[in-house]
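Numbering (our numbering), first residue to last: 1179 to 1498.
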Amino acid sequence: MPPLLKILIRRLALGVLTLFLVSLLVFAATQALPGDTARAILGRDATPARLATVRKQLGLDRPAVVQYGVWLKGVATGNMGKSLVAQEPVTKLLGNRVRNSAILVLLAALISVPLSILIGSLSGLLRDRWFDSTTSLGTLGLAALPEFVIGLLLVMLLATPIFHILPAVSYVNPDVSLWHQLNILVLPVATLVLAVSPYMVRILRASMIEVLESEYVQMARLKGMPERIVLRRHALPNAVIPAIQVIALNLAWLAGGVVVVEYVFNYPGIGTGLIDAVSNRDVPVIQAIVLLIAGLYVGFNLLADILQILISPRQRTGLQ
């Protein structure tokens, strides 16, 4: 069996184990939520008999171990259960929300990753110059701000009666394709980009400085190799390798960070769906969304490990 395939299988096994442990924690946390789902559905005036009937219909009267086993079996077969409040399959209920959030995360990733690599590399190349000083100060300030503060600042700048350039609320018309409503995505995407880019820029800057001071880069310069080739062939690829894991973690953070950003802009994605599910104590929906976010974290980490092996000559050589 090829060494790379062995590593991939090992990482997949660890990912499955991680998701299993996450499922245990999620199930235990949802069981510990205050309140009663049956009462949340029927209201405060529901009679004890009616509450008992609804609990039996929803399977809430069974032991927790049995409930977990039924839920885990459904997850393994692609059946995430039925919403306790909407009485619809969770996959159908979350379908449009997952698509909306995926578009938001995809746009933020496509902008933030190349932009961070460019700015971080230039900042390391122009170390201690005005560009580097300005970039370091700006990224440090943005990194200190929570994403909801960045979102509110963007609303104040671009969505007030004074500068009403963009809508402050990302209302999605379900009868129109989301790609024809891109103006409502500008502020949420910009918030995510400004929230996640500073960390990637700073790690790229530090990595680029370390690579530029390495012996093999100095040797390439002494041999008379043109600077652009030194940067393209030696400096940038080796500077990106240590940052891949950080980039992957930040992209995974986007999946969780959308919860706050979507709430700020009232965007109909998995973030607002999770908040509504917690408010209504809709346990299957909560479990599905949290497990989905955990799966994205595992997937991005697995992708980062594979990219590090494929890009790094040292790791590729060690596998042969």
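No residue lacks a Cβ here, since even glycine has one placed at the ideal position from N, Cα and C.
According to the DSSP secondary-structure assignment, lysine 1260 is paired through a beta bridge with Pro1267. Glutamine 1359: not part of any alpha helix (DSSP H); DSSP gives it neither H nor E. Per DSSP, the beta-bridge partners of alanine 1337 are His1342.
Put simply, the backbone Cα of leucine 1474 is about 45 Å away from that of glycine 1402. Listed in chain order, the non-local C-beta contacts of leucine 1300 below 7 Å within the same chain comprise Phe1309, local neighbours out to five positions each way being set aside. In the displayed model, aspartate 1223 falls within coil according to three-state DSSP, outside both helix and strand. For the 9 Å CB-CB criterion, leucine 1282 and glycine 1477 do not form a contact. With a threshold of 16 other beta carbon atoms within 10 Å, threonine 1369 meets it and is buried.
C-alpha of tyrosine 1441 to C-alpha of proline 1352: approximately 18 Å in a straight line.
CA-CA distance, leucine 1192 to lysine 1184, rounds to 12 Å. Secondary structure note for threonine 1317: its alpha helix (DSSP H) is the uninterrupted segment 1308-1321. Ranking Met1386, Val1333, Ala1216, Glu1405 by CA distance to the CA of aspartate 1239 puts Ala1216 first. By the Cβ neighbour-count rule, histidine 1342 is exposed, with fewer than 16 other Cβ atoms within 10 Å of its own. At least 9 Å separates the beta-carbon of threonine 1312 from that of proline 1376. The three-state reading of DSSP puts leucine 1199 in helix, counting H, G and I together. Secondary structure note for proline 1420: its alpha helix (DSSP H) is the uninterrupted segment 1414-1443.
Of the other Cβ atoms in all chains shown, 16 or more fall within 10 Å of the Cβ of lysine 1260; this residue is therefore buried. DSSP places lysine 1401 outside both helix and strand once states are collapsed to three, so it counts as coil. A direct Cα-Cα distance of roughly 7 Å separates valine 1367 from leucine 1285. For the pair of segments examined, the region 1378-1387 was found not to touch the region 1344-1364: the number of CB pairs separated by less than 8 Å stays below three. Contact between the region 1264-1273 and the region 1460-1469 is established, with three or more Cβ pairs separated by less than 8 Å. In terms of CA proximity to tyrosine 1349, Leu1363 leads the group Leu1363, Gln1396, Ile1381. Taking the CA atoms as reference points, tyrosine 1445 sits about 14 Å from leucine 1272. Taking the C-beta atoms as reference points, isoleucine 1422 is found nearer than 9 Å to alanine 1482.
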